[in-house]
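The listed protein sequences correspond, in order, to chains Z and F.
Counting with my numbering, you get residues 87 to 1153 for the letters of the first sequence.
Counting with my numbering, you get residues 728 to 1086 for the letters of the second sequence.
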Amino acid sequence: MRDMSIKKVMVIGSGPIIIGQAAEFDYAGTQACRSLKEEGCEVVLVNSNPATIMTDKDIADKVYIEPLTVPTVSKIIEKEKPDSILPTLGGQTGLNLAMELEELGVLKANNVRLIGINASAIKKAEDRQEFKDTMEKIGEPCIESLVVHTVEDAVDFSAKIGYPVIVRPAYTLGGTGGGIADDEEQLREIAANGIRLSRVNEVLIEKCIAGWKEIEYEVMRDSKGNCITVCNMENFDPVGVHTGDSIVVAPSQTLMDKDYQMLRSSALNIISELGIQGGCNVQFALEPNSFRYAVIEVNPRVSRSSALASKATGYPIARVAAKIALGLGLDEIKNAVTGKTFASFEPALDYCVVKFPKWPFDKFVTAKRTLGTQMKATGEVMAIARSFEGALHKAVHSLEEGRQSLIEPKLLKLSNEELTERLHNIDNERLYTIVASIYNGIELETIHDITKVDMWFLNRLKAIVDMEKLLQSGNCDKETLLKAKKMGFMDAVIAKDLGTTATAIKNMRNMWNINPAFSVVDTCAAEFAAQTPYYYSDYGVENEVNPEKTKKKVLVLGSGPIRIGQGIEFDYCSVHSVWALKKAGCETVIVNNNPETVSTDFDVADKLYFEPLTQEYVANIVELEKPDGAIVQFGGQTAIKLTQALHDLGVTILGTDADHVDAAEDRERFDEILENCAIPRPKGHTVFTEEEALIAAHSLGYPVLVRPSYVLGGQGMQIAVSDDDIREFMGIITRTVQEHPVLVDKYLMGQEVEVDAICDGTDILIPGIMEHIDRAGIHSGDSISVYPAITLSQKVQDTIVDYTRRLASALEVVGMMNIQFIVMNETVYIIEVNPRSSRTVPYISKVTGIPAIALATRAMLGEKVRDMGYGTGLYKKSGYYAIKMPVFSFEKIMGADTSLGPEMKSTGEALGIAPDYNEALLKAFEGAGVSLPKDGKIIVTVCDKDKAEVCQMFKKIIADGAKFDIYATPGTQKALVEAGVDAKCVNRLTGESPNIMDMLHEGGVSLIINTPTHGRIESRDGFKLRRLAVEAGTSCITSLDSAKSLMESTNIVKSDKISLTDIATIF
Amino acid sequence: MRAYLVLEDGSVYEGTARGAFKETACEIVFNTSMTGYLEILTDPSYAGQGVVMTYPMIGNYGISREDFESIRLQPCAFIVHELCDTPSNFRCTASLEEVLIEYNIPCLADVDTRSIVKKLRESGTMRGVITEDISDMERVMTLIKSFKQEKLVESVTIDGKRVVGKDNNGPKIALMDFGSKRNITNSLVERGCIVTEYPCFTTAEEIIKTSPDGLMLSNGPGDPADCVNIIKEIKKLYDYGMPTFAICLGHQLMALSQGGTTERMKYGHRGANHPVKFLEKDQTFISTQNHGYMVTGKGLPSNAEVNCINVNDKTVEGVVYHGKPIFTVQFHPEANAGPRDTSFLFDEFIKMIKEGEIK
């Protein structure tokens, strides 16, 4: 029964996207907010992440994009007076925050209760010792383990149970700081790190059970005690690899019913004992040769796995969890998929689902690629097919890594000894190493002995290899072709194997009537008629899609997996475009493959195709649906890349046409346009080889900017100051084959400015001008971005608007465009134009009140900007400062350099919004987890060229009354003292004790300011210092501009005077 | 070899002949369980039927004989999307196909099973034939039309009486075997009972004379209304009034013996995900189900109360006979395959015997 005393619910979001906590919580939060509103609740949302859909004013009644800190959230509670808080939707961040609020008595003082879970259940699940005790009480086996708070205790216990041992820190997310130690030396290092990262300085030392099967169950329970499992999942990678970094299949494949039911019953026992009212994830390790199992972990909340389970089954876990929190029973909640059955059933799948992680190693070339208990993936893809082989292929195709076949030619060239050696590496290439090993004839048993990957999976991979070999031998009759397609082979791969073209294969398929068909994901294996238009493709099956159209049909391409440079912002854009199209009376069809997103919720678009975003799969959909138009502007580079393919299929591209998209990317065509528009840009050249790059650099003069064209997120972009740099960077860029030229541009060190504009071909509307605090050279996605612009003269602002208008007109932009400028000595230069939506769109939409995506979509449908009611040109300033702060996940990626440059490294962002600039800035820092006490200890170590500037900076801050405790390395200290700044000396990292290392070990350092010397060489002192800072959990800022902003705002803003801004009501 | 499933409405599904393939007419039903094909294949309630599995990869974990729910494979035919030849599980002793061949069960593989389910969902359960020869459709249709299920219970019941759990010292249970799944007996024996299994043609008198502490009526195949003689014996046992627990067909037969009615369902309940609501407790449990007929609630005596219903379609899932220590359920608390969430009913049965409690 619905508890009618719950009227106003606060939902806590998960904050900025970081590794281990990504878009899945936007999906869960959005779904839950809508579900709460359906039940008549008033919803107060708190989340510091502006790129989310949940922070839209349509989703919640009150929206606070404020730091997720106890003081700020307490203030919101006092102001809004909610009666309840639903803490299970904001990941570990939300749960931890709720626990702190409870422990500090904030909830009691304000008469607020937690719903969905109570504090004691959180403790039972999250606190290692309580968890162990609870499991012992109900007879559920755990792994031999001990909670310790010191490294010595860890060493003693490990000596008792024997190495290897796993170190798991308490109260962290994504297993941060954990790891496997093979001996005492490793243990000391990992345990020290884990203890520090834990919120309660606590780690669990446990017996290593690497090699056991890893199985997960998603469980739901209501207040009456009714329990169901939504689905189970089996990891391809045995225990030892974080489930977020594992290839996962749903449902389990190698469990007999006895095994399956044993673990299912255990999962139900656990959720019942914990008393959770909502969703819960239970992870098990199952000894492969017995019924022995152990409970690894319980997440008493929605999680990445529950998002995956929701998409894998069609069962909307977050929606149901929210209703349960309001007191409704599972038997009272309708199954939205069938509209007939209820939430109290267990989904039956009649297909196989494969999840594949997306790792950021392309961005972090220095990072260790090994996988372990620390999650490293930024995102994931999901694929559905009737067979494992088909789903696995689709998943790999969805990763957009240019991989069509699982067989990697470079691995085939290795000897069997080398391959066997590599099989011991657990890294991002393990699947391909296994496939290559099978191809080269290494026995499956040998592979199994080394990797412990279940023989079932290895046999499926062997089936794929056998098929590819059969095709390579030139054999392809009708039956073989059908089988290959069912196994997920792309036409292009079959063509390559047979020595023909993809078109020829397609013709063959047409001749033999081997065509893809689409099935419905319906939660019930077709037992009941489904109402949901949620589809996946396969071969040799009946088509269930009705492609009839009654109104204008528009295809919207999503943005695929979350990765650095292409994050949740693009899902925001896709979803808003779909909503705008629906409002305009169109039928919408979306294609995407990311299970963590709102766009892949089956009730967003009129039809959802869960498919890879590549030419062949999109063509299948187009041929069936015959859309009247397609929108590619909102799905990031993923969608843009498909423009030509869609065009070739005869689909009308809505908005800016393919030719003009190309004109903006093609260096020569773009230069011509700029010349015609009389807009200056930094001089530059296009090159293909290292030699050409060197010639270009010499003619321009160093420093120069080197980058590949047609990429998002500045992939491979570097500032070169010498020939050596050019050689290094070109080496890295050309490591992967480049279809497009590399750009070498003169690097101008000016003020970077960015605008997004809505264009209709004639008029433009700019919601606001955003200025970057960090100077040019740091990727715009990693810069602190300020709205409205604070340092630009009126003349410069007018010029920016004028240039935007000229470019919109010259490129015939219809829809969104994003332009990046550099302003130097009052001259405005263009750096880049992207005729598509950018990552700043959600942010600028929220802080100006302009629904940019909706307007752009309307423009694409033919409406005029001037008729939309927001005027044209630059929109009026909002009266608030809104600052977007990048957030990084460096502590998750061992070995990644943290210094910022032209290549994007941030995984997410936080917003600070306030009427006062410095307050907004401080909130933005807080939201990003950077805080500096007013008397904080700061270590400064900068390169020679920055010393003068650093001195200036500190002189000013101290003159303004700052009380920071400043330490500096000898060179920097000398300069500071000479400039009259009181700074103590500390030796460099590798210098004599006491050095920086000692200071960091001692603790109490609030901030390190370090500007890098050049290059990516790992061995440099600065690189080590930055890594050490990450591992010590100390903020390390490598941009002087950011450091200055942090110190100034900390100094100026009175911490007790923080204001709150509800963005749902200010516009 | 190419082979086909032809349904009585004339629809044809193409696949590959596997297992011990032979032309076979049967009633075509589908099961939505994702695990447990082995338990399903050995469940005597599937006698006379061709079972379509909706999960697309069947045979992944092979065969473990200790999981057999009866002495042999029971359906007439097995229809799957993909039959896996490379199973993996620590208890696996053979591939599924090896066992299908051993027990002479034909299999049609590589079929779009989902489309069959959709057909059955819309048209209701149909008869069909699996065959390699559809050159003469008239012949095939005649074959289908002439197929009749007869004496199914008699064909699957045990030959003679058998005692299990001799060394136990708990209640003595008489189990009437209409095609009983092993785990019904096992669930009782695990709880300390001594179970005597009787063939379906055993008379009430024979059972009463051994003065058992409780009576268990098992599951079984076919139309309950066909079991005229058994129903008569059950009526006598009801009147005698010993503590009784009945499952599936047993539940239906008990209802019929008391004047209740059963009817054929459109396409039945077969799977491991069916929600059953216990009305008094206001609690819902996930259960395994396998039935094509159901008790309607019509004609039941006034002391009979429907105490469990299916949450999805509100059909009768359980009846309690007030004034008698008797309760019956449509679903399968013995699980296998499927969730064990309602196994507490065996405890309640034993408690009822021990405490002589009458609901």
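From the three backbone atoms N, C-alpha and C, an ideal C-beta is built for every residue, glycine too.
None of these values were measured; they are calculated from a predicted model.
Item: Residue-chain proximity (Z/Tyr525, chain F), Cβ-Cβ < 9 Å; Value: no
Item: Beta-carbon spacing of Z/Cys1037, Z/Glu1078 below 9 Å; Value: no
Item: Contact with chain F by Z/Glu531, beta-carbon distance below 9 Å; Value: no
Item: F/Thr989, DSSP secondary structure in three states; Value: strand
Item: The region 311-322 of chain Z contacting the region 285-303 of chain Z, beta-carbon criterion three pairs below 8 Å; Value: yes
Item: Option nearest Z/Lys480 by Cα separation, candidates Z/Met576, Z/Gly415, Z/Leu568; Value: Z/Met576
Item: Where F/Lys1041 meets chain Z, residues with beta-carbon distance less than 9 Å; Value: Those within 9 Å of F/Lys1041 in chain Z number zero; the least Cβ separation is about 11 Å.
Item: Within chain Z, partners of F/Ile828 - CB distance below 8 Å; Value: Result: empty, since nearest Cβ-Cβ is about 20 Å, beyond 8 Å.
Item: Interface partners of F/Phe817 on chain Z, CB under 8 Å; Value: Pro374, Asn375, Ser376
Item: Below-9 Å beta-carbon distance, F/His1059 vs any chain Z residue; Value: no
Item: Stretch pair the region 851-871 of chain Z + the region 975-992 of chain Z: three plus CB contacts closer than 8 Å; Value: yes
Item: Nearest to Z/Glu466 (by Cα), restricted to the options Z/Met971, Z/Val482, Z/Thr452, Z/Arg455; Value: Z/Val482
Item: F/Arg997 and F/Gln1016 closer than 9 Å at C-beta; Value: yes
Item: Local conformation of Z/His479 per DSSP, three classes; Value: helix
Item: Buried/exposed call for Z/Glu702, threshold 16 Cβ in 10 Å; Value: buried
Item: Per-residue burial, F/Thr820 [other beta carbons within 10 Å of its own, 16 or more giving buried]; Value: exposed
Item: Between the CA atoms of Z/His858 and Z/Val253 - distance to the nearest angstrom; Value: 41 Å
Item: Contained beta strand (DSSP E) runs [length at least 3] in the region 227-309 of chain Z, N- to C-terminal order; Value: 231-234, 251-255, 265-267, 289-293, 299-307
Item: DSSP beta-bridge partners of Z/Cys845; Value: Z/Ile850, Z/Gly901
Item: Same chain, Cβ closer than 6 Å to F/Lys936, five either side skipped, listed in chain order; Value: none
Item: Within 9 Å, strictly: CB atoms of Z/Lys693 and Z/Val631; Value: yes
Item: Other residues of its chain near F/Ala1031: CB distance less than 8 Å, five sequence neighbours each side excluded; Value: Ala982, Gln985, Gly987, Val1046, Val1047, Tyr1048, His1049
Item: Where Z/Gly957 falls: helix, strand or coil (DSSP); Value: coil
Item: Z/Asn1096 and Z/Cys1071 closer than 9 Å at C-beta; Value: no
Item: Contact with chain Z by F/Ser760, beta-carbon distance below 9 Å; Value: yes
Item: Inter-stretch contact at 8 Å, needing at least 3 Cβ pairs: the region 1005-1017 of chain Z / the region 138-154 of chain Z; Value: yes
Item: Neighbourhood of Z/Asn678 by C-beta distance below 6 Å, restricted to the same chain and skipping five residues each side; Value: Gly644, Ser685, Thr686
Item: Buried or exposed by the 16-neighbour rule on C-beta atoms within 10 Å, applied to F/Gly711; Value: Nothing can be reported for residue 711 of chain F, as the shown portion of chain F is limited to 728 through 1086.
Item: Nonlocal neighbours in the same chain, by C-beta distance under 7 Å from Z/Val1091, ignoring five residues either side; Value: Lys1023, Ile1025, Met1085, Thr1120
Item: Range of the contiguous alpha helix (DSSP H) that encloses F/Gly897; Value: That residue, F/Gly897, is in no alpha helix (DSSP H); it is neither H nor E in DSSP.
Item: C-alpha gap between F/Thr912 and F/Tyr764, whole angstroms; Value: 20 Å
Item: Interface flag, F/Phe905 vs chain Z, CB-CB below 9 Å; Value: no
Item: Contact list for F/Asp839 against chain Z, beta-carbon separation under 8 Å; Value: Gly626, Val627, Glu628
Item: Under 9 Å by beta carbon: chain Z residues contacting F/Glu845; Value: The amino acid at residue 845 of chain F is misidentified as Glu; the sequence shows Lys. Chain Z residues near F/Lys845: Ala612, Ala615, Glu628, Glu630.
Item: Cβ pair F/Pro1060, F/Met969 closer than 9 Å; Value: no
Item: Within chain Z, the residues that F/His808 reaches when beta carbons sit closer than 7 Å; Value: Arg472
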